[in-house]
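Worksheet: one structure, shown below.
There are 2 protein chains.
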Amino acid sequence: MGTGKATHHEGFRPLITLNEARACDDSDPLAHFRDRFVIPDDVLYLDGNSLGPLPRATIDANRDLVERQWGDRLIRSWTEGWMDAPARIGAKIAPWIGAAADEVIVADTVSANLFKLIVAALRYDPARKVVLSEAGNFPTNLHIAEGAVGCVPGAELRVVPRDALKGAVGDDTALVLLTHVHYKTCERFDMPAWTARAHMAGALICWDLSHSVGAIAVDIADADCSVGCGYKFLNGGPGAPAFMHVAKRHQERFGNVLSGWMGHAAPFAFTDPYAPGLGMERWRTGTPSMLAMAAMESALNTIADVDIAALETKSAALFDIMAAAGDAIGLECTTPRDPAQRGSHISFRHPDAENVMSCLIARGVIGDFRTPDILRFGLTPLYLKYEDVWRAGAELVEEVRSR
Amino acid sequence: MGTGKATHHEGFRPLITLNEARACDDSDPLAHFRDRFVIPDDVLYLDGNSLGPLPRATIDANRDLVERQWGDRLIRSWTEGWMDAPARIGAKIAPWIGAAADEVIVADTVSANLFKLIVAALRYDPARKVVLSEAGNFPTNLHIAEGAVGCVPGAELRVVPRDALKGAVGDDTALVLLTHVHYKTCERFDMPAWTARAHMAGALICWDLSHSVGAIAVDIADADCSVGCGYKFLNGGPGAPAFMHVAKRHQERFGNVLSGWMGHAAPFAFTDPYAPGLGMERWRTGTPSMLAMAAMESALNTIADVDIAALETKSAALFDIMAAAGDAIGLECTTPRDPAQRGSHISFRHPDAENVMSCLIARGVIGDFRTPDILRFGLTPLYLKYEDVWRAGAELVEEVRSR
Chain P
6 MGTGKATHHE
16 GFRPLITLNE
26 ARACDDSDPL
36 AHFRDRFVIP
46 DDVLYLDGNS
56 LGPLPRATID
66 ANRDLVERQW
76 GDRLIRSWTE
86 GWMDAPARIG
96 AKIAPWIGAA
106 ADEVIVADTV
116 SANLFKLIVA
126 ALRYDPARKV
136 VLSEAGNFPT
146 NLHIAEGAVG
156 CVPGAELRVV
166 PRDALKGAVG
176 DDTALVLLTH
186 VHYKTCERFD
196 MPAWTARAHM
206 AGALICWDLS
216 HSVGAIAVDI
226 ADADCSVGCG
236 YKFLNGGPGA
246 PAFMHVAKRH
256 QERFGNVLSG
266 WMGHAAPFAF
276 TDPYAPGLGM
286 ERWRTGTPSM
296 LAMAAMESAL
306 NTIADVDIAA
316 LETKSAALFD
326 IMAAAGDAIG
336 LECTTPRDPA
346 QRGSHISFRH
356 PDAENVMSCL
366 IARGVIGDFR
376 TPDILRFGLT
386 PLYLKYEDVW
396 RAGAELVEEV
406 RSR
Chain X
6 MGTGKATHHE
16 GFRPLITLNE
26 ARACDDSDPL
36 AHFRDRFVIP
46 DDVLYLDGNS
56 LGPLPRATID
66 ANRDLVERQW
76 GDRLIRSWTE
86 GWMDAPARIG
96 AKIAPWIGAA
106 ADEVIVADTV
116 SANLFKLIVA
126 ALRYDPARKV
136 VLSEAGNFPT
146 NLHIAEGAVG
156 CVPGAELRVV
166 PRDALKGAVG
176 DDTALVLLTH
186 VHYKTCERFD
196 MPAWTARAHM
206 AGALICWDLS
216 HSVGAIAVDI
226 ADADCSVGCG
236 YKFLNGGPGA
246 PAFMHVAKRH
256 QERFGNVLSG
266 WMGHAAPFAF
276 TDPYAPGLGM
286 ERWRTGTPSM
296 LAMAAMESAL
306 NTIADVDIAA
316 LETKSAALFD
326 IMAAAGDAIG
336 LECTTPRDPA
346 QRGSHISFRH
356 PDAENVMSCL
366 IARGVIGDFR
376 TPDILRFGLT
386 PLYLKYEDVW
396 RAGAELVEEV
406 RSR
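First to last, the sequence lines map onto chains P and X. Each residue of the first sequence is one higher than the last, beginning at 6 in the numbering used here. Each residue of the second sequence is one higher than the last, beginning at 6 in the numbering used here.
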C-alpha cells in the first residue's frame, strides 16, 4: 500500500493539465455513457460509491411502474411481470459477478441477505461453528453476523485483523465472510486465493460485493455465496434492492431461515407448512417493493452494454489523477497503488477529514467523510469525465493548502 | 357466522336498486376522497385489500423523489429527510392503530418484521418456549414462525384451530401470534379480549394488522407488539414497506436479531460491535428503499384527514349490498354478518371459485380467488362508490346464475 508521499513513490506522476484531461475526455470510449445519467451541473459527484446517480431511463421506467403498472393495471401486474422480477433482475446482475443467471436473485437488503446466508452456512456442517471475518469490515456484516451466530447453538463470530485472517482459517471455520473491496481503504482481497484458502480448510466463503460489483470485473468463480448492493455502482437508487447469489451445487441444501411466503414452493397455495421454493426462489422473504425493483432493472438495462475492461482502464486513469492531487499535498493515500489490489474509489487520510470534506462539499465536490480521518472519493468511469476528476483534485489541493 | 342462505338470515335485506345506490353516493360524506385516487374506468376494483390503488398525490411525490431528491440532491438527501423517514412515516401510521408516535417504525416487510418480533418474544422469558398461532393464519406468519423458532433452542411453534386457541394458551406460551382480521374469511378477533387472555397467562401477544389497518378502527391498546402491511388498505404501492410497533414498556428490553447497521445506535460511527439504537430505531436493518418510502408517506398523507368511523359505516353499507347479492344466489358467505366481528372485505364460497373469479375479472370486476373455494372482494369505502359495489354484485349474480 502506498504512503502517498509526493516524492518518488512508484505510480506517482505529476498532475496532468486541464487541457490534457479534456483531451482524455475527447478520446474516451466511455464518454457517451454520461448522457445516460442525470448529472447535476452544480456539483462534481465523486460519491457514486455511496449512491449512484439517476439513470435517465429510470425516470420513464419509474413513471411507467407507478402510473401504468400500478395505477392502471393494479393487481393484474403481479402476473404481468412483477412476480418474476426478483429472478429476472437477478439474471441481469449475474454477468457482472460471473455467476450463472439462475444463481442470483434480487431481494431485501444486503443486511437481510447476509443474515440468511450466515445462518445457512452455520447449519451446513454442524461440526463447524465459527464465522470468521475481518475487523473493520463494513459494520453491517459484523453486526448481522453477531445476530446470526446467536441463532445457531454454539456458533461464534471471530473477528480478526486482516493480517491475522490466514492463520485463523481452520477446521472449526464454517464460513469466511469477506468484503471484496474495503469500503474505507478500497483494498481488494484476492478473491480466487481466498476462495481456495477457505475451501482448502473445508470452510464455505461468502463475499460481499457491494463495493466492487459494477465498478471492477468480478468473477465469483467457485465461491459458495455472495451478496451485493444495488445502490452504489449499479445505480439502482437510494435503498435499491440488494442481491444474493448461491452456487448451484448448494441450492438444494442451503435453507432460508427468513422463510417468508414469497420463497415458498407455492406461495399462492396458502398452505400452513413451509416448503422452500426451487433454486434461488427460496431466498425471497416478503413482498418486494416494485417501485424499487423497477428502478433497479432500469439501472441494469442502462449499463448492460458496458465493457467492464474499459471501465477498469478508465478507473485506473482517474485514480492516477486523484492520487497525484493527494500526492501533491502530501496526503497519505490508504488505497493500494496497484490497480489489481483495489476497487474504484480512492481514500486519503487527513487529521481534520470531517471538516475538509464539509468544505469540499461547499465547494461543490461531493465525496464522503469516513470516521475518523478518511476522505473518500468514488471514481465512477461511466459518468465522470477526466475533467471532473481533474477539477475535484484541484479543489482538494486548494482546500488542503488553504488550511 | 352467517351461512349466507338467501332466506331469513339476520342481516339479510334485498338488493337495493341502482338508483338507490346512486342516491347513497350523492349523500356519501366520503365521496370526495375518490378523486384522490387513480381509479381506472374499465374495472370495478374490489381488490384494494390486496393492492390499494394509486393515490394521485403519489405521482408527484414519486417524481419529486426520483428527479429532485435522487437525481438532483443525490447523497445529500440522506440528511434532508431520508434518514428519518422510517420513524417519521411510522408516526403517521400510529394514529391508525392507536399507538404512540414513537411506538411505530416503517421497515422491511411484514415477514421480516414478524421474524424480528417472534425471536425477541422468545428471548423475553426463556422459561416460555411456545409460539401459539392459528391454523390457516396468513401463511407467511406460520412460515416465518417456523424459521424463527428454529433460532431459539427449545422453542416450538404450536398451530391449532381457532376454536382450540383458548385452551392452548398456557404457562409455556411465550407469544400468541394472531392476525386481527383473517385474510380469507374476514373474521375479526376480539383484540382486547385476546390481549387480556394472553397477558393473563403471562404470555406476550403480537397482532398482524395487515387486513385491518386503514380499513377499520384499530386500538392496539396494551398489546405488546404488532406488524402491518403498507400495500393493502393503506395504499402505499406494490410491496410497500411494512410497519411494526413495540409497546414503549418493552422497547429497551426487546432486541432485534436482524441487527443491521441502520438500527445501530450510531450507524455512521462504523464501529465493529453492534449497539442497538434507541426506541424503535433498533428495528431498522438495512437501507430502506426511498422510492418505496416516499410512496408510503404520500399515501398516508392522502388519508390523514379520513374519519375512521365514517369508513366503518360505509364499509358496513357496502357489505350489505354485496352480501345481499351473494344471498340472492345462495352463496355461502364466510364473513360474519355482525360488523363488529369482521374487517372490510367479504368472502363467499363457490365450488368453482377459481373459474368464477376469472370470469368476473373478464367482466371487469376485480376481486381475488383464494384457494380452494373462496371468492374475496375488498370493500374500500375511500374510493368505491355504492354504485360500484352494486354493479359488482349484479355481475356476480349474473355470472353465477349463468353457470
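Ideal Cβ placement from N, Cα and C applies to all residues, glycine included. Only a predicted model underlies this, so the values are computations on that prediction, with no experimental measurement involved.
| said: Between the alpha carbons of Ala62 of chain P and Arg381 of chain X, how many angstroms are there, rounded? | reply: 38 Å
| field | Residue nearest to Arg27 of chain P in terms of C-alpha spacing, selected from P:Tyr391, P:Ala397, P:Arg406, P:Val405 | value | P:Tyr391
| task | Examine the Cβ distances between the region 66-75 of chain P and the region 218-226 of chain X and report whether three or more of them are shorter than 8 Å. | result | no
| For Phe259 of chain P, three-class secondary structure by DSSP | coil
| Whole-angstrom C-beta distance between Cys211 of chain X and Ala126 of chain X, which should lie under 8 Å | 7 Å
| query | What span of residues does the alpha helix (DSSP H) with Ala99 of chain X cover, start to end? | reply | 90-102
| said: Taking 7 Å as the threshold (C-beta atoms), are Pro144 of chain P and Trp266 of chain X in contact? | reply: In this structure, Trp266 of chain X sits near Pro144 of chain P, with a CB-CB distance shorter than 7 Å.
| field | Buried versus exposed call for Lys237 of chain P [16 or more other C-beta atoms within 10 Å across all chains shown] | value | buried
| Along chain X, which residues have their Cβ under 7 Å away from the Cβ of Val115 of chain P? | Gly291
| message | Tell me the residue span of the alpha helix (DSSP H) that contains Val405 of chain P. | response | 391-406 is the extent of the alpha helix (DSSP H) around Val405 of chain P.
| Is the Cβ of Ala179 of chain P closer than 7 Å to any Cβ of chain X? | no
| said: I want to see whether chain P comes within less than 7 Å of Asn67 of chain X, judged by CB atoms only; does it? | reply: yes
| query | Roughly how many angstroms separate the alpha carbons of Leu119 of chain P and Asn261 of chain X, rounded to a whole number? | reply | 15 Å
| task | Please list the residues of the region 148-175 of chain P that have a C-beta atom closer than 7 Å to any C-beta atom in chain X, keeping them in chain order. | result | His148, Ile149, Glu151, Gly152, Gly155, Cys156, Pro158, Val164
| How would you list, in chain order, the residues of chain X whose beta-carbon sits under 8 Å from the beta-carbon of Glu72 of chain P? | Val43, Leu59, Ile64
| said: Please identify the residue among X:Ala92, X:Glu72, X:Tyr50 whose C-alpha is closest to the C-alpha of Ile80 of chain P. | reply: It is X:Tyr50.
| task | Going by DSSP, name the residue or residues bridged to Cys211 of chain P. | result | In the DSSP output, where bridge partners are listed per residue, Cys211 of chain P has P:Leu182, P:Cys230.
| query | What is the rounded straight-line gap between the Cα of Ala160 of chain X and the Cα of Val186 of chain X? | reply | 26 Å
| task | Take Asn24 of chain X and list the residues in its own chain whose beta-carbon comes closer than 8 Å to its own, dropping the five residues that flank it on each side. | result | So no residue of the chain qualifies.
| Under 7 Å between C-beta atoms of Ser352 of chain P and Ile379 of chain P | Pairing Ser352 of chain P with Ile379 of chain P gives a Cβ-Cβ distance under 7 Å.
| query | Does any CB atom of chain X fall closer than 7 Å to the CB of Pro386 of chain P? | reply | It does not; no Cβ of chain X falls within 7 Å.
| request: Use the C-beta contact count for Lys171 of chain P: other C-beta atoms within 10 angstroms, 16 or more gives buried, fewer gives exposed. | output: exposed
| Hey, quick one: how far does the alpha helix (DSSP H) through Ile326 of chain P stretch, first residue to last? | 313-333
| So, is the C-beta of Tyr279 of chain X closer than 7 Å to a C-beta in chain P? | Cβ-Cβ to chain P under 7 Å: yes for Tyr279 of chain X.
| chain X contact residues for Thr276 of chain P, given Cβ-Cβ distances below 8 Å | Pro144
| Through-space distance from Thr385 of chain X to Leu316 of chain X, alpha-carbon basis | Roughly 8 Å separates the two Cα atoms.
| said: Closer than 8 Å is the cut-off here; do at least three beta carbon pairs connect the region 322-342 of chain X with the region 359-373 of chain X? | reply: no
| request: Output the residue ranges of the beta strand (DSSP E) runs that lie fully inside the region 155-180 of chain P and measure 3 residues or longer, sorted by chain position. | output: Runs found: 161-165.
| query | Comparing alpha-carbon positions, which option in X:Ala150, X:Ala140, X:Arg167, X:Gly207 lies nearest Leu178 of chain X? | reply | The identity of residue 178 of chain X in the sequence shown is Thr, whereas the question assumes Leu. When each option's Cα is compared against that of Thr178 of chain X, the closest is X:Gly207.
| task | Report yes or no: is there a C-beta of chain P within less than 7 Å of the C-beta of Met327 of chain X? | result | no
| request: Kindly identify the DSSP beta-bridge partner or partners of Ser409 of chain P. | output: As displayed, chain P neither begins before 6 nor continues past 408, which places residue 409 of chain P out of reach and without an answer.
| request: Going by CA-CA distance only, name the one from X:Glu403, X:Val311, X:Ala99 that's closest to Gly335 of chain X. | output: X:Glu403
| task | Return no unless some Cβ of chain X is closer than 7 Å to the Cβ of Thr376 of chain P. | result | yes
| request: Quick one: list the residues of chain X neighbouring His269 of chain P, beta-carbon separation under 9 Å, in chain order. | output: Pro144, Thr145, His148
| Quick one: Cα of Ala397 of chain P to Cα of Arg39 of chain X, how far? | 51 Å
| message | When you compare the CB of Phe120 of chain X with every CB in chain A, is at least one pair closer than 7 Å? | response | Given the protein chain composition of this structure (P and X), no chain A is represented.
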